[in-house]
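Participant: For the record, in the sequence shown the residue sitting at position 62 is 61 according to numbering that gives the first Met the number 0, with numbers rising by one throughout. Idealized CB from N, CA, C, for every residue including glycine. Computed from a prediction, not measured in an experiment: that's the story for all the values here.
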Amino acid sequence: MPGGKGVLALLLNPPRSSRPRENARVTLNGGGPAVGRAPRAGFGPDLKPRVAAAVVMGAIALATAWIGGFIFAAFWWLASVVILWEWQRLVDGPRLAERVTLGALVIALVGLFALHNSILGVIAGLALGAGAVGWRAGQSVGPWAAAGVVYAGALVASVSLLRISPSYGLAAILWLFAVVWGADIAAYFAGRSIGGPKLWPRVSPGKTWAGAIVGALAGAFLGLALAPWTNRPLALFWLGLATAIVSELGDLFESALKRRFGVKDSSSLIPGHGGLMDRLDAFVAACVFAAVAAGLNSRGSFIAGGMFQW
């Protein structure tokens, strides 16, 4: 099994494939070499469709979070299944429809375990389901196909485990929205306005250090502003900062994954964003991280309280 450097090299320098990809984009910066510093980019024509799509998706996410229960779980199950479908298309391989169908059933089972606050059930379901999907995908793409089940299933599991708390569930989800959306929006506008050194040009040539730093701080402060009643505001600030940074790493991970398989977008479902995985990559990473952190700190039956009570 390759070490850390070997895995990173495999992500960034995949073996060549003779089969064309549906939406392949294999050049950076219009085909020229990636440079280490970005000028002020301004706001291009994609801003309006990005904003419109974000407003619609944000409104639906907020409404289902407020309602909670089965409707909330069903919404995130559907989102997770779409992400699973995009991931399996990305890695390709045999029995695609069968893998997506099996993965969707696994994600539903994992979601039910999460709704019943069974963390062991979630872990067992993800492990067994990922193994089954990876086996059906075959040796060539099996590990990647299995990883897609874990990735998509972890989303519905973590978000459901946080929301089921009667005391802190809604606050936990709204806090996550504030941190992730705040970091994403601030990073976008700061990166475009300030420019400066690029964060990781080989993977995501549009992202800058300025955008990443401003975004992480904005997410942390917004998260703190949303929960002024916490007994340890400094601890919540650090959790928000860490969660915002993890959300940015989640974005970079998905960019590296797409580079690995030679595509620009995970799909073309959302105007201005590409696929749903392109829109939720940061949230998936942040939600899983926050759920684990809250669970480690929780003293009650539900993990969400661990976000706010220290």
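Helix, strand or coil for Trp199? Go by DSSP, reduced to three states.
Facilitator: Three-state result, Trp199: strand.
Participant: For Lys206, does the three-state DSSP call read helix, strand or coil?
Facilitator: In this structure, Lys206 counts as strand in the three-state DSSP scheme.
Participant: So Ser157 is in the alpha helix (DSSP H); what residue range does that whole segment cover?
Facilitator: First-last of the alpha helix (DSSP H) with Ser157: 141 to 162.
Participant: Would you kindly check if the distance between the Cβ of Ile82 and the Cβ of Leu275 is under 8 Å?
Facilitator: For Leu275 and Ile82, yes; Cβs fall inside 8 Å.
Participant: Quick one, are the C-beta atoms of Ala131 and Leu101 less than 8 Å apart?
Facilitator: Yes, Cβ-Cβ distance for Ala131 and Leu101 is below 8 Å.
Participant: Between which residues of its own chain and Ala303 is the CB-CB distance below 7 Å, once the five residues before and five after are set aside?
Facilitator: So the list reads Leu161, Ser164, Tyr167, Gly168, Ala171, Ala293, once near-sequence residues are dropped.
Participant: Which of the three DSSP states is assigned to Ile212 in this structure?
Facilitator: Reduced to three states, the DSSP call for Ile212 is helix.
Participant: Rounded to the nearest angstrom, what separates Asp264 and Ala209 at their Cα positions?
Facilitator: Approximately 24 Å, taken between the alpha carbons.
Participant: Tell me the rounded alpha-carbon separation between Gly205 and Gln138.
Facilitator: If I take the Cα positions, the gap works out to 35 Å.
Participant: When burial is assigned at 16 or more other CB atoms within 10 Å of the CB, is Gly239 buried or exposed?
Facilitator: By the 10 Å Cβ count, Gly239 comes out buried.
Participant: For Gly102, which of helix, strand or coil comes out of DSSP?
Facilitator: Helix, per DSSP.
Participant: Answer with buried or exposed for Lys47, where buried requires no fewer than 16 other C-beta atoms within 10 angstroms of its C-beta.
Facilitator: By the 10 Å Cβ count, Lys47 comes out exposed.
Participant: Roughly how far, in whole angstroms, is the beta-carbon of Arg94 from the beta-carbon of Arg135, given that I think they are within contact range, below 8 Å?
Facilitator: 5 Å between Cβ atoms; contact.
Participant: Alpha carbons only, please: which of Ile70, Val148, Leu175 is nearest the one belonging to Gly133?
Facilitator: When only C-alpha atoms are compared, the closest one is Val148.
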